[in-house]
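Quick note: the sequence shown uses our numbering, first residue 142, plus one each step.
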Amino acid sequence: MEPPTLAMPHLLGIVNITTDSFSDGGQYLQPQSLEEHILKLCEGGCPILDLGAASSNPAANPVDTELEIERLNLALEIIQRLKEKSQISRDVEVSIDTFNPEVQKFALDQNIDYLNDITGFPEREMHPTLAASSCRLIIMHSIQRGIANETRVSPDLILDQIRSFFQKRLQELETAGISRKRLILDPGMGFFLGSDPECSYRVLRNLQSLKEEFGLPLLVSVSRKSFLGAITGTPPQRRWAETLACELYLAEQKVEYIRTHDPEAIYRALAIQQAIAGDQH
């Protein structure tokens with residue numbers, strides 16, 4: 142019998158240029174700390190940088206369009222400079238995480254590789270602009286529009302709600318002329334699924350059914366999230382073990398994209414698992 146081979150997912154390294162992200166808000170607002178963080182992610186093997194300049198946690202404050210663009214532009218300039226100086230690979234791709242249509246237009250003008258929307262691109266007036274672009278679109282499911290909240294949803298209903306959301310949104314985007322080949326689905330995790338941690342665990346147990354139903358790659362982001370802390374009682378900054386355990390499960394489930402604070406940890410853990418399985422010669 143051939144030894145099992147673990148899938149090597151595409152990793153999106155989280156770059157939060159915010160004051161109030163739930164686990165690292167305020168840490169990367171200055172150019173030096175931001176550059177150091179980007180370098181650390183890339184040195185750890187991160188192939189995709191996911192830039193977010195407006196937090197989406199339940200306690201987040203709104204960020205105006207100009208400030209969000211200013212923060213993103215700083216990160217993009219740093220990435221470009223590091224590439225030109227060969228301090229990071231020119232192959233490093235960029236994802237921009239924003240639900241603001243004006244910021245999405247700015248992002249598309251920068252020729253980014255991925256556009257990540259926690260509301261799943263609900264603005265129909267944006268759809269022609271998206272159709273005219275070439276980047277991949279990450280469509281996240283959330284129980285309601287906007288930032289995460291503490292709404293309570295029954296775990297028994299969450300999968301049907303996710304399926305209904307994706308069916309409707311995929312139809313809208315494809316009707317607008319957006320190729321299905323460009324789409325990546327994110328079922329949402331933590332407070333994006335409501336305040337009951339079991340909703341997240343129910344989704345994790347049923348990832349294969351979502352993959353089979355829609356036939357599209359999945360992105361899942363569990364890093365440091367509240368539903369992990371609900372089991373162990375640890376604060377966000379200390380949830381590294383919980384995060385890695387869950388991310389290894391995602392890799393075993395052949396989830397194509399994992400968005401994470403610590404991509405190096407996943408790569409190292411997967412290398413050991415593959416060595417144990419006998420795939421390294």
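Beta carbons: idealized from backbone N, C-alpha and C, even for Gly.
Proximal residues to residue i (C-beta, below 6 Å), its chain only, five neighbours per side dropped
i	result
residue 408	186
residue 143	The predicted position of residue 143 is uncertain, since its pLDDT is 36 and thus under 50; a value taken from the coordinates is nonetheless stated next. Here the set comprises nothing.
residue 393	none
Expected contact under 8 Å - CB spacing of residue i and residue j to nearest Å
i	j	result
residue 180	residue 235	Contact doesn't hold; Cβ gap of about 15 Å is too wide.
residue 218	residue 239	Rounded, the Cβ-Cβ distance is 17 Å, inconsistent with contact.
residue 313	residue 268	7 Å
residue 183	residue 230	7 Å
residue 315	residue 321	6 Å
residue 243	residue 206	5 Å
residue 334	residue 294	7 Å
residue 159	residue 193	7 Å
residue 151	residue 203	Their Cβ separation, rounded to whole angstroms, is 31 Å, which puts residue 151 and residue 203 out of contact at 8 Å.
residue 319	residue 272	5 Å
Cβ neighbours of residue i in the same chain (closer than 7 Å, five flanking residues each side left out)
i	result
residue 331	289, 341, 366, 367 and 368
residue 352	359
residue 405	185 and 186
residue 412	none
residue 410	385 and 389
residue 349	394
Span of the beta strand (DSSP E), counted from its first residue to its last, around residue i
i	result
residue 400	398-401
residue 170	No beta strand (DSSP E) holds residue 170; DSSP gives it neither H nor E.
residue 191	189-193
residue 157	151-157
residue 279	277-281
First and last residue of the uninterrupted alpha helix (DSSP H) at residue i
i	result
residue 409	404-418
residue 384	381-393
Chain-order list of residues whose beta-carbon lies under 8 Å from that of residue i (same chain, five-residue window excluded)
i	result
residue 355	307, 311 and 326
residue 497	Look at the range of the chain in this structure, 142 to 422, and you will see that residue 497 is not part of it.
residue 422	With a pLDDT of 48 at residue 422, under the threshold of 50, the modelled position of this residue cannot be trusted, and the question is left open.
residue 170	158, 159, 160 and 212
(message) Ignoring anything shorter than 4 residues, give me the alpha helix (DSSP H) runs that lie fully in the region 295-368, in order along the chain.
(response) Secondary structure remark: continuous alpha helix (DSSP H) runs of at least 4 residues inside the region 295-368, in chain order: 296-316, 338-346 and 348-355.
(request) Give, in chain order, every unbroken run of the alpha helix (DSSP H) that is at least 4 residues long and sits entirely within the region 226-275. (result) Fully enclosed alpha helix (DSSP H) runs of no fewer than 4 residues occupy 242-250 and 268-273 of the region 226-275, in order along the chain.
(message) For the pair the region 174-184 and the region 389-397, tell me if three or more CB-CB distances fall below 8 Å.
(response) The region 174-184 and the region 389-397 do not touch, with fewer than 3 CB-CB distances between them shorter than 8 Å.
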